[in-house]
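What follows is one structure encoded as structure tokens, with my remarks underneath.
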Amino acid sequence: MHPKVRARCQEVKQMSKTMAIPIPSTKTLVVFAPHPDDAEIFCGGTILKYLAIGFRAVIICVTSGNRGHLTIPPEELARIRESEARRSAVIADVELVWLGWEDTQVEANLDNRQQIIEALRGIEPDLVLCPDLNDYHVDHREVGRLVTDASYLLGVPQLKTDSEACPPPQIYFYESHGGIGFSPEIWVDISPFFTKKLTMLECHKSQIEWLKEHDGFDLLAYTEAKDRWHGFQSGCQYAEVFRPYRVFPVRCEELI
1 MHPKVRARCQ EVKQMSKTMA IPIPSTKTLV VFAPHPDDAE IFCGGTILKY LAIGFRAVII
61 CVTSGNRGHL TIPPEELARI RESEARRSAV IADVELVWLG WEDTQVEANL DNRQQIIEAL
121 RGIEPDLVLC PDLNDYHVDH REVGRLVTDA SYLLGVPQLK TDSEACPPPQ IYFYESHGGI
181 GFSPEIWVDI SPFFTKKLTM LECHKSQIEW LKEHDGFDLL AYTEAKDRWH GFQSGCQYAE
241 VFRPYRVFPV RCEELI
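Quick note, the sequence shown lines up with residues 1 to 256 if you use full-length UniProt numbering.
Written out as structure tokens, the structure is:
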């Protein structure tokens, strides 16, 4: 057995089942954002919370979001949205990996899966947060599928990438837009970090503008209401919600 795999097995056995995402000793969190701003909307407070306890945190932004505006041309919008994402990352002091795929064009195919495998092997995360497989947006669903399809394959040494094989991380889905069809199992109290989360989200001015003009939708108000509701559910002021991706190998406590 690979030494890292053996170490992970021992770590998993020692974890207790609580109403929080488990904290492994090696402390690396990866958040997949299909578009710039998705990480902030659904995981921004959790990212900040884990950074505060010493985690390394990486946002992998899959697409450039270059079609999310009524008037700005795609090429120009891609540059704007990358700049917005990088400003947000600086506020959080989080690493940003920019894949720059075409907005609305994500497919869970072999070539894209290989890119996701390489990206994850290069980081060797312990925890991964990604979109739910039943999300409203095709890019979100396909990214969730790419991540889950890649997870086991990370540890297959004969599947070659530039980086070496590594153990699969624990994966958690963040909620779908509006929480439709999503049954949370984990509530993370982000109350001390909510104001900073909104500051990060405010960096995405082009997306805030687009949603107001195209959908009559106030992104900041939605995010505040969503997180406040989840806080009400869990006895705190603000919370973000997740559910685990349950496949082999599962945490031992979940079988008791």
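The beta carbon of each residue, even a glycine, is placed where N, CA and C say it ideally should be.
Own chain partners of L129 with C-beta closer than 6 Å, once the 5 adjacent residues on each side are dropped: Setting aside the 5 residues that flank it on each side, L129 is surrounded in the same chain by V31, C43, Y172 and Y174, each with a C-beta closer than 6 Å to its C-beta; the list follows chain order.
Output the boundary residues of the beta strand (DSSP E) element that contains P74. For P74, there is no enclosing beta strand (DSSP E); the enclosing alpha helix (DSSP H) covers residues P74 to A92.
Have a look at A150, C166 and D149 and flag the residue whose alpha-carbon is nearest the alpha-carbon of P157. The shortest Cα separation from P157 among A150, C166 and D149 belongs to C166.
Out of L77, R228, S206 and D135, state which residue places its alpha-carbon closest to the alpha-carbon of residue 257. Nothing about residue 257 can be reported from this structure: the residues present for the chain run from 1 to 256 only.
Given 8 Å, three or more beta-carbon pairs between the stretch 186–193 and the stretch 221–235: Flag = yes, the stretch 186–193 and the stretch 221–235 touch.
Just verifying my parser: in three-state terms, what is the DSSP assignment at D28? Note that residue 28 corresponds to Thr in the displayed sequence, not to Asp. In this structure, T28 counts as strand in the three-state DSSP scheme.
Kindly indicate which three-state DSSP category L70 falls into: helix, strand or coil? Note: L70 maps to coil in three-state DSSP.
With three or more C-beta pairs closer than 8 Å as the rule, is the stretch 55–72 touching the stretch 81–93? Because the criterion of three Cβ pairs below 8 Å is met, the stretch 81–93 and the stretch 55–72 touch.
Could you give the first and the last residue of the continuous alpha helix (DSSP H) run that contains C43? First-last of the alpha helix (DSSP H) with C43: D38 to A52.
Assuming P131 and G144 make a contact with CB atoms under 8 Å, what is their CB distance in whole Å? Beta-carbon to beta-carbon, P131 and G144 are separated by about 4 Å, close enough to satisfy the 8 Å threshold.
Does L96 come out as helix, strand or coil in the three-state DSSP assignment? L96: strand per DSSP, three-state reduction.
Can you tell me which of E209, R87, W210 and H177 puts its alpha carbon nearest to the alpha carbon of A225? Ranked by Cα distance from A225, the first of E209, R87, W210 and H177 is H177.
Given that a residue counts as buried once 16 or more other Cβ atoms are within 10 Å of its Cβ, and exposed if not, what is A92? By the neighbour-count criterion, in which 16 or more other beta carbons inside 10 Å mark a residue as buried, A92 falls on the buried side.
If we count the other Cβ atoms within 10 Å of its Cβ and call it buried at 16 or more, is S183 buried or exposed? With fewer than 16 other Cβ atoms within 10 Å, it is exposed.
Kindly indicate which residue of E142, R121 and L133 has the alpha-carbon position closest to the one of E102. Out of E142, R121 and L133, the CA that lies nearest to the CA of E102 is found in E142.
Which whole-angstrom value describes the C-beta separation of L70 and H214, a residue pair presumed to lie in contact below a C-beta threshold of 8 Å? Between H214 and L70 the Cβ distance is about 6 Å, and since that is below 8 Å, they are a contact.
Note down the Cα distance separating M200 from R87, rounded to an integer number of angstroms. Distance between the alpha carbons of M200 and R87: 8 Å.
To the nearest angstrom, how far is the alpha carbon of T46 from that of L99? Roughly 22 Å between the two C-alpha positions.
Tell me whether L154 sits in a helix, a strand or coil according to DSSP, three-state version. DSSP places L154 outside both helix and strand once states are collapsed to three, so it counts as coil.
Can you say whether E40 is buried or exposed, counting buried as having 16 or more other CB atoms within 10 angstroms of its CB? Classification for E40: buried.
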